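Step one of this worksheet: look at the structure below.
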Amino acid sequence: MRLPRLVVAAPATGQGKTTVSIGLMAALTRAGHVVSGHKVGPDYIDPGYHALACGRPGRNLDPHLVGEERIVPLLLHGASGAGVAVIEGVMGLYDGRIGGQGFASTAHVAALTRSPVVLVVDISRSSRSIGAVVHGMATFDDSVEIAGVILNKAGSPRHAAEVAASIALPVLGTVGRSESFGVPSRHLGLVPAAERDEATHTLDQLAQQIAEVVDLERVLQIAATAPDLDAAPWDPSVEVTRATGRRPVVAMAGGRAFTFRYAETEELLGAAGCDVVSFDPLTDRALPPDTAGIYLGGGFPEVHAAALGDNVPLLADLKAAIAAGTPTVAECAGLLYLCESVDGQAMVGALSATAQMTPRLTLGYSAATAPGDSLLTRAGELVTGHEFHRTHVDPPAGPSPAWSVDDRAIGFVSPTLHASYLHVHWAGHPHLAQRFADAVHAAVPHSPADVRAVVSRTVAPPAAVPDPLRHHGDVEAAAGLLDFAVNVFPGPPPPWLSAALQDSLERIGTYPDAASASAAAAARHGRPPDQALATAGAAEAFSLVARLRPWRHAVVVHPQFTEPHAALWQAGHRVTEVLCTPDTGFELDPTGVPDDADLVMIGNPTNPTGVLHPAQTILALLRPGRMVVVDEAFMDTVPGEAASLASEALPGLLVLRSLTKHWGIPGIRAGYLLGDPETVARLRQAQVPWSVSTSAAAAIVACTAPAAKGDAEERAQTLLGWRRDLESALRRLGVDHVPSSASYVLVRAGEGVHGRLREAGIAVRRADTFPGLGPAWVRIAARPRPQTERLLTALSHALG
Numbered sequence: 000m001r002l003p004r005l006v007v008a009a010p011a012t013g014q015g016k017t018t019v020s021i022g023l024m025a026a027l028t029r030a031g032h033v034v035s036g037h038k039v040g041p042d043y044i045d046p047g048y049h050a051l052a053c054g055r056p057g058r059n060l061d062p063h064l065v066g067e068e069r070i071v072p073l074l075l076h077g078a079s080g081a082g083v084a085v086i087e088g089v090m091g092l093y094d095g096r097i098g099g100q101g102f103a104s105t106a107h108v109a110a111l112t113r114s115p116v117v118l119v120v121d122i123s124r125s126s127r128s129i130g131a132v133v134h135g136m137a138t139f140d141d142s143v144e145i146a147g148v149i150l151n152k153a154g155s156p157r158h159a160a161e162v163a164a165s166i167a168l169p170v171l172g173t174v175g176r177s178e179s180f181g182v183p184s185r186h187l188g189l190v191p192a193a194e195r196d197e198a199t200h201t202l203d204q205l206a207q208q209i210a211e212v213v214d215l216e217r218v219l220q221i222a223a224t225a226p227d228l229d230a231a232p233w234d235p236s237v238e239v240t241r242a243t244g245r246r247p248v249v250a251m252a253g254g255r256a257f258t259f260r261y262a263e264t265e266e267l268l269g270a271a272g273c274d275v276v277s278f279d280p281l282t283d284r285a286l287p288p289d290t291a292g293i294y295l296g297g298g299f300p301e302v303h304a305a306a307l308g309d310n311v312p313l314l315a316d317l318k319a320a321i322a323a324g325t326p327t328v329a330e331c332a333g334l335l336y337l338c339e340s341v342d343g344q345a346m347v348g349a350l351s352a353t354a355q356m357t358p359r360l361t362l363g364y365s366a367a368t369a370p371g372d373s374l375l376t377r378a379g380e381l382v383t384g385h386e387f388h389r390t391h392v393d394p395p396a397g398p399s400p401a402w403s404v405d406d407r408a409i410g411f412v413s414p415t416l417h418a419s420y421l422h423v424h425w426a427g428h429p430h431l432a433q434r435f436a437d438a439v440h441a442a443v444p445h446s447p448a449d450v451r452a453v454v455s456r457t458v459a460p461p462a463a464v465p466d467p468l469r470h471h472g473d474v475e476a477a478a479g480l481l482d483f484a485v486n487v488f489p490g491p492p493p494p495w496l497s498a499a500l501q502d503s504l505e506r507i508g509t510y511p512d513a514a515s516a517s518a519a520a521a522a523r524h525g526r527p528p529d530q531a532l533a534t535a536g537a538a539e540a541f542s543l544v545a546r547l548r549p550w551r552h553a554v555v556v557h558p559q560f561t562e563p564h565a566a567l568w569q570a571g572h573r574v575t576e577v578l579c580t581p582d583t584g585f586e587l588d589p590t591g592v593p594d595d596a597d598l599v600m601i602g603n604p605t606n607p608t609g610v611l612h613p614a615q616t617i618l619a620l621l622r623p624g625r626m627v628v629v630d631e632a633f634m635d636t637v638p639g640e641a642a643s644l645a646s647e648a649l650p651g652l653l654v655l656r657s658l659t660k661h662w663g664i665p666g667i668r669a670g671y672l673l674g675d676p677e678t679v680a681r682l683r684q685a686q687v688p689w690s691v692s693t694s695a696a697a698a699i700v701a702c703t704a705p706a707a708k709g710d711a712e713e714r715a716q717t718l719l720g721w722r723r724d725l726e727s728a729l730r731r732l733g734v735d736h737v738p739s740s741a742s743y744v745l746v747r748a749g750e751g752v753h754g755r756l757r758e759a760g761i762a763v764r765r766a767d768t769f770p771g772l773g774p775a776w777v778r779i780a781a782r783p784r785p786q787t788e789r790l791l792t793a794l795s796h797a798l799g
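Numbered according to numbering that gives the first Met the number 0, the sequence shown spans residues 0 to 799.
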């Protein structure tokens, strides 16, 4: 069979082959090629990034786990329909199983698959010596063909040229020193792609960089030199058979906490007649309907222990299903999850054991023997696998252990349960998949018990707010509550912003001058300096507008942020409320604004609905004698700032911006307004002297500088991911909400939910203080997944 392919390897670990491999996959995919990603070795994390880069499952090629004879068939199976396969190596090119003389090394897989090798070399600490390293790697083993080299971490073009001149092989590209595209690590290596909300955005940047510095055409030419392979693709339907004509459900754990499993496992179970349905132990309250088997793979339950433990309904449902005899397989993380506790945090409790984190890493290939008959094994059978964990289970094995590894008894078994630390690739041992599938076909589907929260609460109606228009989310974020009430980006400001604020303290001995901040804000939107005015947050701008003229008929479009309304009242103006309603999705109909209104104030995207009004809808409000004030305090949370009018210099249009939310600096009241020169001059004249502090001015200059654009967009993408997670979960719960374009979601949860969430330790923003909304509504800020998962658990209980 014809399959263009190449292996990406390195002289040693830490040279950058993972970054380059993922970058090549992403760059080639974005160039229109269908790319199949593969990983030498047992690793689960890198294939997750391969899948993200290629848009198809990442695959593993490991001779220890599946046998040499299956490597080429599995490669062809995984690459079916692809135009090119990229195989990422493991460790150094010739490093394999200890004592195995290179068995299961990258070189071993390259030889088995007859694939040319592209060598990634870190040149940061050498120059001409790299030529000797590459020469040695290329001549060490005649069965391995190194066809090209990519230089990584070059200090300068001159440095790269010096290195390239010492290498006899083609140099396909040079990657400079950059930390921008590194993948964060923790106790078991890289953080999985599924746990990084920003992974897609970062991958786009990496793909672009690799495309700019690596000759992709030469890479493809090298891949095309790979000879045809004389083998048939692996076929799961040949490995297993169907026990019945039914398709019983196998519930397979997924989500952030359970990211470790081989794609072929699901394919084998499907071929054996099972219907594999994923569930998320962090958010789902029960197993999928009609579950007849449970597969709990690897991952990081110790990282997500608190959120897993908080999902009490699912813990109870799992324990009941396992106790009732539902066939269950648990590997490593699945084993921990079934214990009574992990680091003191209660888990499922299906096993009489506890788990703790330890400083010692258990890592290595294993040959395991089955001590007796079990759900998966027969006494004396031998399998190959691997262990990879920093936890310890006490006791390490039950009365009937799952495996014997180097005379160690590990794991727990019963006629319907198999749980241990050992990871086994079922494509190498398909009889294990067959036995599990047979047991699933024979099982009675699990019927979930009523696992609703057992705590009954009586909550009084929310107390009346004395001044609803002055009620803000920060009042609700009391100490001890998980904060979903305040729409401020969580976490510290970027280092460059912190540095700018720190530097501003050197100038607090003199009165502030915000002229440079106004000019920077104007430049940010392509305007001359006289069209922008720095303000002490958007709140000062509202007050300035309210006092600008003796408004005859002021209109505020609601529901929206109440401060503009309050500022107009404080200035003595009568205010007309124009209400957007749920039946129209809270969208604005411009014809609903009275013709004689000389001031119209509207948010875009609107707080609290998150609705982003089209620019043309806002512009339809303009007319002679009328000022339209658009509060774009949350526009920077919208990727690309679609519908923004900040760059539109139109008579009667005033745009307000706030920096405190997006950059996480609510204590620094920093914002600005944009309008025609005459209006801006009048507002500047009405402004209290020195209202914009030195630190606020420094923040405006820093946040509107071109260098901040990349971080601003990355934050917007991060918020987008968090909000989508929240909205997706709300849909699964069947909770009515307004589709949002901002960093929050307006939810119609029902009366009393706001109070019940507070009792559960969660603060959300009550929405009955916004005109047009009532006590059934709450506003929920977008937060990272672990916090969101805790909120959703509490919300599901509160909905009862």
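Ideal placement from N, C-alpha and C gives every residue a C-beta, glycine not left out. Here the structure is a predicted model, which means the values were calculated and not measured.
Q | Straight-line Cα distance separating W568 from P467 | A | In the sequence shown, residue 467 corresponds to position 468, counting from 1. In the sequence shown, residue 568 corresponds to position 569, counting from 1. C-alpha separation (whole angstroms): 13 Å.
Q) Would you call the segment 617-633 and the segment 594-607 in contact, with 3 or more CB pairs under 8 Å? A) Judged by Cβ distances under 8 Å, the segment 617-633 makes contact with the segment 594-607, as three or more pairs qualify.
Q | From L313, A11, T357, residue whose alpha carbon lies closest to that of G348 | A | The count along the sequence shown starts at 1 and reaches residue 348 at position 349. Across the set L313, A11, T357, the C-alpha of L313 shows the shortest separation from the C-alpha of G348.
**Q.** The alpha helix (DSSP H) enclosing L314, as first and last residue numbers
**A.** Here residue 314 refers to the residue found at position 315 of the sequence shown. Taken as a continuous stretch (DSSP letters only), the alpha helix (DSSP H) holding L314 covers 311-322.
Q | Cβ distance (whole Å) where A103 is taken to contact R96 below 8 Å | A | Along the sequence shown, one-based indexing puts residue 103 at 104. Along the sequence shown, one-based indexing puts residue 96 at 97. 5 Å between Cβ atoms; contact.
Q: Counting only the same chain and skipping the five closest in sequence on each side, list residues whose C-beta sits under 7 Å from that of T105.
A: As a first step, residue 105 must be located in the sequence shown, where it is residue number 106. Cβ within range, chain order: V6, A8, V39, G88, V89, L92.
Q | Cβ shell of S503 (< 6 Å), same chain only, five flanking positions each side left out | A | Taking the sequence shown and counting its residues from 1, the one referred to as residue 503 is at position 504. Correct list, in chain order: T693, S694, A697.
Q.
Could you tell me the alpha carbon to alpha carbon distance between L187 and A366, rounded to whole angstroms?
A. For the purposes of this step, residue 187 is taken as residue 188 along the sequence shown, with counting starting at 1. For the purposes of this step, residue 366 is taken as residue 367 along the sequence shown, with counting starting at 1. Interpretation of L187 is limited by its pLDDT of 34, a score under 50 that renders its predicted location unreliable; no figure is taken from the coordinates.
Q. For the 8 Å Cβ check, are there 3 or more pairs between the segment 486-505 and the segment 658-670?
A. Segments in contact, yes.
Q) Roughly how many whole angstroms lie between the Cα atoms of D274 and D229? A) In the sequence shown, residue 274 corresponds to position 275, counting from 1. In the sequence shown, residue 229 corresponds to position 230, counting from 1. Their Cα atoms are separated by approximately 33 Å.
Q | Contact set for P226: own chain, Cβ-Cβ below 7 Å, skip 5 residues either direction | A | The residue given as residue 226 occupies position 227 in the sequence shown. These residues qualify, in order along the chain: R113.
Q. Hey, out of A285, G292, A641, L267, whose CA is closest to E803's CA?
A. The structure shown does not extend to residue 803, since the chain is modelled only from 0 to 799, so the question has no answer here.
**Q.** the segment 211-221 contacting the segment 239-256, beta-carbon criterion three pairs below 8 Å
**A.** The answer is no - the segment 239-256 does not touch the segment 211-221, with fewer than three Cβ pairs under 8 Å.
Q: Output yes or no for whether 7 Å exceeds the beta carbon distance between H612 and L587.
A: The residue labelled residue 612 in the question sits at position 613 within the sequence shown. The residue labelled residue 587 in the question sits at position 588 within the sequence shown. Going by C-beta atoms, H612 is nearer than 7 Å to L587.
Q: Say whether the segment 709-728 touches the segment 426-433, bearing in mind that this needs 3 or more beta-carbon pairs closer than 8 Å, one atom from each stretch.
A: No, the segment 709-728 does not touch the segment 426-433.
Q. What alpha helix (DSSP H) runs, 4 residues minimum, are completely inside the segment 227-278?
A. Runs of the alpha helix (DSSP H) lying entirely within the segment 227-278, each at least 4 residues long, are 235-238, 262-270 in chain order.
Q: Could you tell me if the beta carbon of H385 falls within a distance shorter than 6 Å of some heavy atom in the ligand FAD?
A: Among the components modelled here there is no ligand, and therefore nothing to report on the ligand FAD.
Q.
Three or more C-beta pairs under 8 Å: does that hold for the segment 250-268 against the segment 288-305?
A. Touching, yes.
Q. From A520, A315, A329, pick the residue whose C-alpha is nearest to that of A323; which is it?
A. Counting from one through the sequence shown, the residue named residue 323 turns up at place 324. Of the candidates A520, A315, A329, the one whose C-alpha sits nearest the C-alpha of A323 is A315.
Q: Just mark P62 as buried or exposed, buried being the case when its beta carbon has 16 or more other beta carbons within 10 Å.
A: Translated into the one-based positions of the sequence shown, residue 62 becomes position 63. With 16 or more other Cβ atoms from the protein chains shown falling within 10 Å of its own Cβ, P62 counts as buried.
Q: Measure from the alpha carbon of V428 to the alpha carbon of each residue in P549, T264, V763, then state which is nearest.
A: Taking the first residue of the sequence shown as 1, we reach residue 428 at position 429. Just to set this straight, residue 428 is His in the shown sequence, not Val. Answer by Cα proximity: T264.
Q. What are the partner residues of N59, as DSSP defines its beta bridges?
A. For the purposes of this step, residue 59 is identified with residue 60 of the sequence shown, where counting begins at 1. Under DSSP, the beta-bridge partners assigned to N59 are K38.
(Q) Just list the residues that DSSP pairs W776 with in beta bridges. (A) As a position in the sequence shown, residue 776 is number 777, starting the count at 1. DSSP lists R747 as partners of W776.
Q) Does the beta-carbon distance from A442 to P326 come in below 7 Å? A) For the purposes of this step, residue 442 is taken as the residue at position 443 of the sequence shown. For the purposes of this step, residue 326 is taken as the residue at position 327 of the sequence shown. The Cβ atoms of A442 and P326 sit closer than 7 Å to each other.
Q | Same chain, Cβ closer than 7 Å to L168, neighbours up to 5 away in sequence not counted | A | Position 169 of the sequence shown, counted from the first residue, corresponds to residue 168. These residues qualify, in order along the chain: V133, A137, I145, G147, V148.
(Q) When you compare the segment 72-80 with the segment 25-41, are there three or more beta-carbon pairs, one atom per stretch, that lie closer than 8 Å? (A) With a cut-off of 8 Å, the segment 25-41 and the segment 72-80 count as touching, because enough Cβ pairs lie within range.
Q) Around the Cβ of M600, are there at least 16 other Cβ atoms within 10 angstroms (buried) or fewer (exposed)? A) Walking along the sequence shown from the start, residue 600 turns up at place 601. With a threshold of 16 other beta carbon atoms within 10 Å, M600 meets it and is buried.
Q) Helix, strand or coil: how does DSSP classify E197 here? A) Residue numbering aside, residue 197 sits at position 198 when the sequence shown is read from its first letter. Unreliable placement is indicated for E197, whose pLDDT of 44 sits below 50; the coordinate value is still reported in the next sentence. The answer is coil: DSSP assigns E197 none of H, G, I, E or B.
Q: Pick helix, strand or coil for T383, following the three-state DSSP scheme.
A: Counting from one through the sequence shown, the residue named residue 383 turns up at place 384. Strand, per DSSP.
(Q) Please return the same chain residues whose Cβ sits closer than 6 Å to the Cβ of G749, not counting the five positions on each side in sequence. (A) Counting from 1 along the sequence shown, the entry for residue 749 is found at position 750. Around G749: A775.
Q: Would you identify the three-state DSSP class for I129, choosing helix, strand or coil?
A: Counting from 1 along the sequence shown, the entry for residue 129 is found at position 130. Residue state for I129 is assigned as helix, using DSSP reduced to three classes.
Q: Thinking F541 and A566 are a contact (beta carbons under 8 Å), I'd like their distance in whole angstroms, please.
A: As a working mapping, residue 541 is identified with position 542 in the sequence shown. As a working mapping, residue 566 is identified with position 567 in the sequence shown. With a contact defined as Cβ atoms closer than 8 Å, F541 and A566 qualify at about 4 Å.
Q) Is the segment 526-545 touching the segment 587-596 in the sense that three or more CB pairs, one from each, lie closer than 8 Å? A) No: the two stretches stay apart, fewer than three of their Cβ pairs being nearer than 8 Å.
Q. With distances taken between CB atoms, is the gap from N486 to Y671 smaller than 7 Å?
A. As a first step, residue 486 must be located in the sequence shown, where it is residue number 487. As a first step, residue 671 must be located in the sequence shown, where it is residue number 672. No, they are not a contact pair.
Q. Where do the ends of the alpha helix (DSSP H) carrying K708 lie?
A. Taking the first residue of the sequence shown as position 1, residue 708 is located at position 709. K708 -> alpha helix (DSSP H) spans 708-732.
**Q.** Continuous beta strand (DSSP E) stretch holding G77: start and end
**A.** For this step, residue 77 is matched to residue 78 along the sequence shown. Premise fails: G77 lies in the alpha helix (DSSP H), 70-77, not in any beta strand (DSSP E).
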